[in-house]
Amino acid sequence: GTLGPVETAMVDRRQRLLGPAYRLFYETPVHLLQGQGVWLHDPEGKAYLDTYNNVASVGHCHPRVVAAMSEQAARLATHTRYLHDGVLAYAERLLAHFPPDLAHVMFTCTGSEANDLALRLARAATGNTGIIVTANAYHGVTAAVSEFSPSLGAGVPLGPHVRTIPAPDARQGDPAITFPAAVQAAIDDLARHGIRPALLVVDTVFSSDGLFTDPPGFLAPAAAAIRAAGGLFLADEVQPGFGRTGSHMWGFARHGVIPDMVSLGKPMGNGYPVAGLVLRPGVIAEFGAKARYFNTFGGNAVAAATAMAVLDVIEDEGLMQNAARTGAAFRDGLQDLARQHGPLGDVRAAGLFLAVDIVTDGQPDRTRAARIVNALRDERILISATGPQGHVLKIRPPLVFSAENAAFFLDGLDRVLTRLA
Ligand code: PMP
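Residue numbers 15 to 435, in full-length UniProt numbering, belong to the letters of the sequence shown in order.
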């Protein structure tokens, strides 16, 4: 595609107004005005199939969520230093989806803040400073959290107290053995440098590492290893949480492990900034005795009402069940396509989180992946690519995605692969 004059001017204005650190998706950026369900619309009214957005998880501008948000905004919009039932009712509702050991929730506005808070609590609870993450993890933007977000690249150095371990890729050996062994090796390396571990942090589907979900179970021995060394286990559920994997509300639950802390974000408010940290009360005893916590916008009345409506929709519309059903059919369709098109390699999926490697002669091909992503964009189908080598198509639609939407995507991908062949 080519960029129209309005969009060309907008690209220049972004540079001038927002500065040099922002990046747009696609060679021909997409200009959007409206969203509804799984569809996004540009100013000319052209529709794009959103196969990538896990923020608008219950569908763009879901009427029930919008109504709850606007009704609360019209009544009272204030914070957690007054008594208000909304935040308590939501906390009860949310915590009912967790094992009883995880009995507190603290509210933030972003996933980054939730992970930053987790780090502060872990330091206070353990007296330690070391952090272990996977090699291409992303956990957020604060000064402390960017130091353990290796996917930000060489321009954002890791902290001296941070160690990375390989993602649990089942093609490299049984993750039930390799993953806890890697955690132990990182603990040992920290110890050689006089550092004891505070935290093992994992995105429980390893999204930015390229999606590694199977076989479930390997997080349990990894959590045991970090605890034996005096550290805590933080499950970052910003990507897999709220039912996306189809079988469970949370990615950690697939592995039969109970984390010490769980960070939540993105889909929690379907676009309204709501995020949080769920935790075992013992974790905050030390911190709570000395420090107070207040987040002006975190858990405000509008945030609580919006997040409550999101949970209502997930439950009432059976969206986790849809993620399982539609995700399985979608994965089968991708596997069929992979048998017909050489560039499609390994297919991995859990519910409505799907990934497919793009390869040339069996080797990762970043350039080809980018070409496919941009060609799909020209077909008005939106996805992206991820992984340390940028060769993994990342497919992560709103959970209201239907079998017809999946067929539409697969047709588009088939056409694109045929054209690019
Ligand atoms: N953790 C993970 C796994 C994420 O994907 C993200 C956002 N991409 C974050 C944390 C940070 O969330 P936020 O952008 O809301 O700060």
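Every residue, glycine too, gets a C-beta built ideally from N, C-alpha and C. These numbers come from a predicted model, not from an experiment.
Is residue 400 near the ligand PMP, judged by its Cβ being under 6 Å from some heavy atom? Checking the Cβ of residue 400 against the ligand PMP gives no.
- Query: Do you know how far the Cα of residue 352 is from the Cα of residue 383?
  - Reply: Straight-line measurement puts the Cα of residue 352 at about 14 Å from the Cα of residue 383.
Please identify the residue among 17, 52 and 46 whose C-alpha is closest to the C-alpha of residue 418.
If you compare the alpha carbons of 17, 52 and 46 with that of residue 418, the shortest gap goes to 52.
Exercise for the section: Please confirm whether any heavy atom of the ligand PMP lies closer than 6 Å to the CB of residue 144. Expected result: Checking every heavy atom of the ligand PMP against the Cβ of residue 144, none is found closer than 6 Å.
| said: Are there any heavy atoms of the ligand SAH lying less than 6 Å away from the beta-carbon of residue 313, as far as the coordinates show? | reply: The ligand SAH is not among the ligands present in this structure, which contains only the ligand PMP.
query: How far does the beta strand (DSSP E) with residue 126 in it reach, from first residue to last?
result: Taken as a continuous stretch (DSSP letters only), residue 126 belongs to no beta strand (DSSP E), being part of the alpha helix (DSSP H) at 125-140.
Q.
Using CA atoms only, rank isn't needed, just tell me which of 68, 252 and 271 is closest to residue 277.
A. Considering only alpha carbons, the answer is 252.
inquiry  = Threshold first: 3 residues or longer. Then list the beta strand (DSSP E) segments lying entirely within the segment 284-368, N to C.
reply    = With a minimum length of 3 residues, the continuous beta strand (DSSP E) runs that stay inside the segment 284-368 are 289-293 and 358-364.
Just to confirm before moving on: does the CB-CB distance between residue 71 and residue 256 stay below 7 Å?
Against a cut-off of 7 Å, the Cβ pair of residue 256 and residue 71 comes out as a contact.
- With a CB to CB cut of under 7 Å and the five nearest residues on each side skipped, what residues in its chain are close to residue 105? Take residue 105, set aside five residues on each side of it, and the residues of its chain with a beta-carbon closer than 7 Å to its own are 119, in chain order.
**Study point:** Euclidean distance between Cα positions of residue 211 and residue 379
**Key:** Approximately 36 Å, taken between the alpha carbons.
*Between the segment 136-149 and the segment 194-205, are three or more C-beta pairs nearer than 8 Å?*
Yes: the two stretches touch, three or more of their Cβ pairs being nearer than 8 Å.
Decide if residue 308 is buried, meaning its Cβ has at least 16 other Cβ atoms within 10 Å, or exposed.
Label assigned to residue 308: exposed.
Item to check | Residues of its chain near residue 270, where Cβ-Cβ distance is below 7 Å and the 5 sequence neighbours each way are ignored | outcome: Counting only Cβ-Cβ distances below 7 Å, and skipping sequence neighbours, we find 231 and 234.
Quiz item: Can you list, in chain order, every residue whose CB sits closer than 5 Å to a heavy atom of the ligand PMP?
Solution: Counting only beta-carbon distances shorter than 5 Å to the non-hydrogen atoms of the ligand PMP, the qualifying residues in chain order are 124, 125, 126, 153, 154, 217, 250, 252, 253 and 279.
- Task: Report the three-state DSSP secondary structure of residue 417 (helix, strand or coil).
- Result: Correct three-state label for residue 417: helix.
* Asked: Going by the CB atoms, is the gap between residue 150 and residue 223 shorter than 7 Å?
  -> Taking 7 Å as the Cβ cut-off, residue 223 and residue 150 qualify as a contacting pair.
Q | residue 7: first and last residue of the uninterrupted beta strand (DSSP E) it sits in | A | One cannot answer for residue 7 here, as it falls past the ends of the chain, which runs 15 to 435.
Top-ranked residue by Cα proximity to residue 100, from 266, 323 and 59: Measuring from the Cα of residue 100, the nearest candidate turns out to be 323.
Cβ-Cβ distance between residue 46 and residue 38 below 7 Å
Not closer than 7 Å, so no.
Just the C-alpha distance for residue 285 and residue 68, rounded to the nearest angstrom, thanks.
-> Just so you know, the alpha carbons of residue 285 and residue 68 end up roughly 9 Å apart.
Check your understanding: Going by DSSP, what residues sit across from residue 249 in a beta bridge?
Key -> Note: residue 249 sits in a beta bridge opposite 216 and 276.
- Message: Are the CB atoms of residue 407 and residue 399 within a distance shorter than 7 Å?
- Response: Against a cut-off of 7 Å, the Cβ pair of residue 407 and residue 399 comes out as a contact.
Just confirm the distance between the C-beta atoms of residue 226 and residue 182, as a whole number of angstroms; I'd bet it's less than 8 Å. Contact between residue 226 and residue 182 holds: their C-beta atoms lie close to 5 Å from each other, under 8 Å.
- Query: Taking buried to mean at least 16 other C-beta atoms within 10 Å of its own C-beta, is residue 194 buried or exposed?
  - Reply: Buried.
Practice prompt. Compute the Euclidean distance between the alpha carbons of residue 188 and residue 22, then round it to the nearest angstrom.
Written response: Those two C-alpha atoms are separated by around 49 Å.
Under 8 Å by Cβ, that's how I've got residue 124 and residue 287 pegged, so tell me the actual separation to the nearest angstrom.
Indeed they touch by this definition, with Cβ atoms about 7 Å apart.
query: Is it right to say residue 327 is buried, meaning 16 or more other beta carbons lie within 10 angstroms of its own, or is it exposed?
result: Under this definition residue 327 is a buried residue.
Span separating the alpha-carbon of residue 107 from that of residue 319: Cα atoms of residue 107 and residue 319: separation of roughly 12 Å, rounded to the nearest angstrom.
Quiz item: From residue 333 to residue 414, what does the alpha carbon distance come to, in whole angstroms?
Solution: Their backbone Cα atoms lie some 6 Å apart in a straight line.
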